[in-house]
Each structure stands twice: as structure tokens, then as C-alpha cells.
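Protein chains in written order, with the working numbering: chain A, 10 to 220; chain B, 10 to 220. All residues carry an ideal CB built from backbone N, CA and C; glycine is no exception. Being a predicted model, the structure only gives us computed values, none of them experimental.
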DNA sequence: GCTTGTTTAAAACAGGTGTTTGAAAATATA
DNA sequence: TATATTTTCAAACACCTGTTTTAAACAAGC
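This is the structure in C-alpha cells:
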């Protein structure tokens, strides 16, 4: 019922492994046996420390959520008096890095990207706690560029155009690697992709403003 | 071994139900029991008519693939001497309709969209048979607008920006409906979304050309 | 009629899933 | 040291998955 120590060795090992597996396989396909094997723990430990698979997923979300946005803050280096164009570039770079970066807390970004395309029961929590505030941040930037209210419908659509590009450049890997073997739009190309999306979007936005 | 009649009543009923379920749930989560229940057929019928679940999925792909691209041809109304701008608009509309439309053969589009974000074993077949030719069609349009070779890397990135927007406007449903209840980017808004993406993209592309 | 080939039906099978059990081991507490 | 508490472990449980079996119903040809 009450799950004891917060800093057990196997507990953190399980969370570490779970983060990796959940991000790679997605919640439904990820198996607790696989997670425990990678963590070097017994299957029952998952019940003992987290209650059940849901509890584990929730714990992983809650924990790495913070870590991810500490490492890749969406306003990374954004100064208040900076031009909206530059704000947009930094937002895009941060977004891309968060989901395409390799190594430790980048799982969370991929996990979030997964929830975007087919949500689990945890989606509502994620929307309120992380997606909404960060989407608002983007719409603010876009509305500043367009010179329109951030409540405007057109602002939302333009913001979605930006996010759509970012997400697709991430999970287009399977397609690209088959269509053009050798071609590579992977984590190493984050800078290049950032530049492309920023240019492409700023033009789409600027003309919209002029109209 | 040899699967008899091609026009059995239960056979077509199963394929119909399977298309719907596969598109809604995705291949892994879709269960043969669910499909057979919706088709009013026995579980064993799936083995008799299609061998196994893979065979069924393949049969569904092969069949509705043709039907989908007959209903929503990617060059819908495109005349050879038309301006590239108008070609792009029609391509985008066709793409959006194929995955967002309701009713009969629209499953296939959604099914394809699913394979884009997490591919199954059938992905390689789909790439060669449907994705490659249609992506080439898009890169041709884009390269005409940019005035660059369709083999150019920059052309591919711009094409991806277009497709990324289309895909995201489709599966952003869960996000949007939670962020802005009442707001709706459903099948009814296809025209509006087509206009937005076309304008947004044409501007992104045009300036790229001018540079 | 009978016989042959074809299609359906109920039940069982083998394997994988999340979860629980109950007793050991490890650790802390007195 | 002795006792109580916390943590691990192997095994089993109940359920769901795709698949197979075996027999029955159906249809067509003679």
C-alpha cells in the first residue's frame, strides 16, 4: 500500500530501465518482464515499489518530466527583449533537441512524442502539466510575429504547422532511411533541421502577417 | 494452404471489419477476436481464408490500397500544364482527404499514417509500393517550385516540411480537443486546413527560391 | 439418393501478459 | 544479540493473445 523508500537501489534501476523501454516500445508494447530484466530486478519489485505497471509509468513521467525540461528548457537562452524571430528559432531548437537528442533524459521527449500520436490514459495528465504551458509559449511567440491575438484561430494553426514539422523530422526516420539509404535526418542534424524549419516557418508566418 | 473463393461472404465481411479495426487500433493492438466479432464470423475463419493475422493484414493492405488511391488520387485534377503552385494545393488536399475523410476507404490512409509513426513488418512493402512513388510526386512539385533538382537535399527537407504539417493536422486531434475544447480540426475542416498549409508552405518555398 | 469438395463452428492449445503469493534474505531497531 | 521491519525472490495465478484441431453443416456433381 505505502511504497517505502524513495531512493532504493532497485527502484531507481527500474525507473531508469523503464524510461528507456517505454520510450522505445511505447507503453502498451513495453513489458514489465523486459524492464525488470534490464534493471536486474525481480518482477515482483514492480508491484512492491510502484503498485503496478500504471504506477511505474506515472512515476517515470513525473520524474523525468522535470529532468527533461531542466536540460532542455523551452525558453533556452531566450531573453525577454529578444526579437520574436530569434525566440522562435530557440524554441524550435529546444523542441528538436528534447525529442531527438541521445542519452539520458531524452527518453522523455520521445515518450511525449509517442503520446502525441497515440495517447494512453496518461495523456490528460501530460496535457495539463506540460503540453499546455509549452504550447502557450509557442503561440505567444507566433502571435508576436503575426501581430495577432494569441487566442486567434489563425495563430493556432500556424503554431501547429511549426510543431508538425518538428515532430515529423523526428519520426520520419523509418521512411527516409528506406527512401534514401545514406541520407540522414537524425539527431546529428539537429542544427541543420533547426535552421530549415525556422527559415521555412518564418517565411510562412511573415507573409501571413503582411496580408 | 490454398485459400479458395475470393468472394466468400464472410471473407469480405472480415476484411471490411479488419480494415476498420486495424486503422483504429493499429496492427499490434487489433485482435482477431474483435475483428471476427464485428464481422459476425468465427475465429477460425481467419485461418481458413487468410492463413493467419499477417495474411489478413496483407490482404487488407493490398486490397484497400488500390481503392484508396482510386478514390483520392494524388494527382487529383492536376493537369500537366498547370502551375506548380496549384499542383501543390491539389496534392495537399488529396493527402489530407485520404487520411482525414470519413467512411469507406479512408481507413487505408489512417492505416498508412500509423505505419509512418511506428512501422510494422509490412512497412517495407508499403514504402516500395505506395510511399515512394507518391513522395516522388511531391518532390517533383517542390523541385519545380524551387527550381532545383529533385535529388537535392534541400528539396527533400522542404517536402518533409509539407508532409509533416499534413500528418500532424491529422493526428493532433487528441491534443487540440483537450487544449481547446470546442475547437475542431476534423474532416469537415479539410478545405480550411488545405488552404492554410498550402499558403504557409508556398511562402516558405518561394523565399527559399529567391535566396 | 450418395459423394465429393468447400465452408463454418465450438473447443482446446501453446505462449505471453500483468499481477499476486508466501516464504526467504537483508536490513534496521531494540 | 534478539526482534521487528523492509526488501527480494521463485513460483504460481488468472487472463488474453494468435493458432489449431476436430467435427459438423453446406453446396455441387453424378
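Collapsed DSSP secondary structure at residue 220 of chain B in the structure displayed: Residue placement at residue 220 of chain B is poorly supported in this model, since its pLDDT is 46, which falls under 50; the coordinates still yield a value, given next. Under the three-state reduction of DSSP output, residue 220 of chain B falls in the coil class, being neither helix nor strand.
Below-7 Å beta-carbon distance, residue 183 of chain A vs any chain B residue: Chain B contact via Cβ: present.
Span separating the alpha-carbon of residue 142 of chain B from that of residue 188 of chain A: In a straight line, the C-alpha of residue 142 of chain B is about 10 Å away from that of residue 188 of chain A.
Reduced DSSP secondary structure (H/G/I, E/B, other) of residue 190 of chain B: In the structure shown, residue 190 of chain B sits in a strand (DSSP, three-state: E or B).
Option in A:50, A:109, A:123, A:120 with minimal Cα separation from residue 197 of chain A: The shortest Cα separation from residue 197 of chain A among A:50, A:109, A:123, A:120 belongs to A:109.
Which of helix, strand or coil DSSP assigns to residue 36 of chain B: In the displayed model, residue 36 of chain B falls within coil according to three-state DSSP, outside both helix and strand.
Residue 213 of chain A classed as buried or exposed, judged by whether at least 16 other C-beta atoms fall within 10 angstroms: Its Cβ being crowded by 16 or more others within 10 Å, residue 213 of chain A is buried.
Closer than 7 Å to chain B by CB, residue 58 of chain A: No, residue 58 of chain A does not count as interfacial toward chain B.
Three or more C-beta pairs below 8 Å linking the segment 68 to 75 of chain B and the segment 94 to 102 of chain B: Verdict: no, contact absent.
Any chain A beta carbon closer than 7 Å to residue 176 of chain B: Judged by the 7 Å Cβ criterion, residue 176 of chain B is in contact with chain A.
Within-7 Å CB hit, residue 148 of chain B to chain A: Judged by the 7 Å Cβ criterion, residue 148 of chain B is not in contact with chain A.
Neighbour flag for residue 46 of chain B against chain A, beta carbons, 7 Å: For residue 46 of chain B, not one C-beta of chain A is nearer than 7 Å to its own C-beta.
Element boundaries [alpha helix (DSSP H), containing residue 74 of chain A]: Counted as a single uninterrupted DSSP element, the alpha helix (DSSP H) harbouring residue 74 of chain A occupies residues 62 to 80.
Cβ of residue 136 of chain B within 7 Å of any chain A Cβ: Answer yes: the Cβ-Cβ gap between residue 136 of chain B and chain A drops below 7 Å somewhere.
7 Å Cβ cutoff met for residue 199 of chain B and residue 105 of chain B: Yes, Cβ-Cβ distance for residue 199 of chain B and residue 105 of chain B is below 7 Å.
Interface partners of residue 121 of chain A on chain B, CB under 9 Å: Within 9 Å Cβ-Cβ: nothing; residue 121 of chain A doesn't reach chain B, min ~11 Å.
Three-state secondary structure assigned by DSSP to residue 56 of chain A: Under the three-state reduction of DSSP output, residue 56 of chain A falls in the helix class.
Among A:168, A:175, A:169, A:166, nearest to residue 169 of chain B - alpha-carbon criterion: Comparing Cα positions, the closest option is A:175.
Burial state of residue 167 of chain B, where buried means 16 or more other Cβ atoms lie within 10 Å: Label assigned to residue 167 of chain B: buried.
Partners in chain B for residue 188 of chain A, counting only beta-carbon separations shorter than 8 Å: From the beta-carbon of residue 188 of chain A, the residues of chain B found nearer than 8 Å are 136, 140, 141, 144.
Helix, strand or coil at residue 200 of chain A according to DSSP, with G and I counted as helix: Three-state result, residue 200 of chain A: helix.
Residue 140 of chain B: first and last residue of the uninterrupted alpha helix (DSSP H) it sits in: The continuous stretches of alpha helix (DSSP H) do not include residue 140 of chain B, and DSSP gives it neither H nor E.
Residue-level contact to chain A via CB, residue 126 of chain B, 7 Å cutoff: Interface residue, yes.
Cβ neighbours of residue 138 of chain B in the same chain (closer than 8 Å, five flanking residues each side left out): The beta carbon of residue 138 of chain B sits closer than 8 Å to the beta carbons of 74 from its chain, once the five residues preceding and following it are set aside; these are given in chain order.
C-alpha gap between residue 124 of chain A and residue 24 of chain A, whole angstroms: Going from the Cα of residue 124 of chain A to the Cα of residue 24 of chain A covers about 18 Å.
First and last residue of the uninterrupted alpha helix (DSSP H) at residue 93 of chain A: In the DSSP annotation of this structure, the continuous segment of the alpha helix (DSSP H) that includes residue 93 of chain A starts and ends at 93 to 109.
Exposure of residue 152 of chain B, with buried meaning 16 or more beta-carbon neighbours within 10 Å: Buried, since its Cβ has 16 or more Cβ neighbours within 10 Å.
Alpha-carbon to alpha-carbon, residue 55 of chain B and residue 140 of chain A: Taking the straight line joining both Cα atoms gives about 42 Å.
Cβ-Cβ separation, residue 207 of chain A to residue 107 of chain A (assumed contact under 8 Å), whole Å: Not quite, the Cβ-Cβ distance comes to about 16 Å (not below 8 Å), so this is no contact.
Helix, strand or coil at residue 129 of chain B according to DSSP, with G and I counted as helix: Note: residue 129 of chain B maps to coil in three-state DSSP.
CB of residue 128 of chain B within 7 Å of CB of residue 183 of chain A, strictly: Inclusion of residue 128 of chain B and residue 183 of chain A in the CB contact set at 7 Å is warranted, their separation being smaller than that value.
Boundaries (first-last residue) of the alpha helix (DSSP H) holding residue 161 of chain A: Element bounds for residue 161 of chain A: n/a, residue is neither H nor E.
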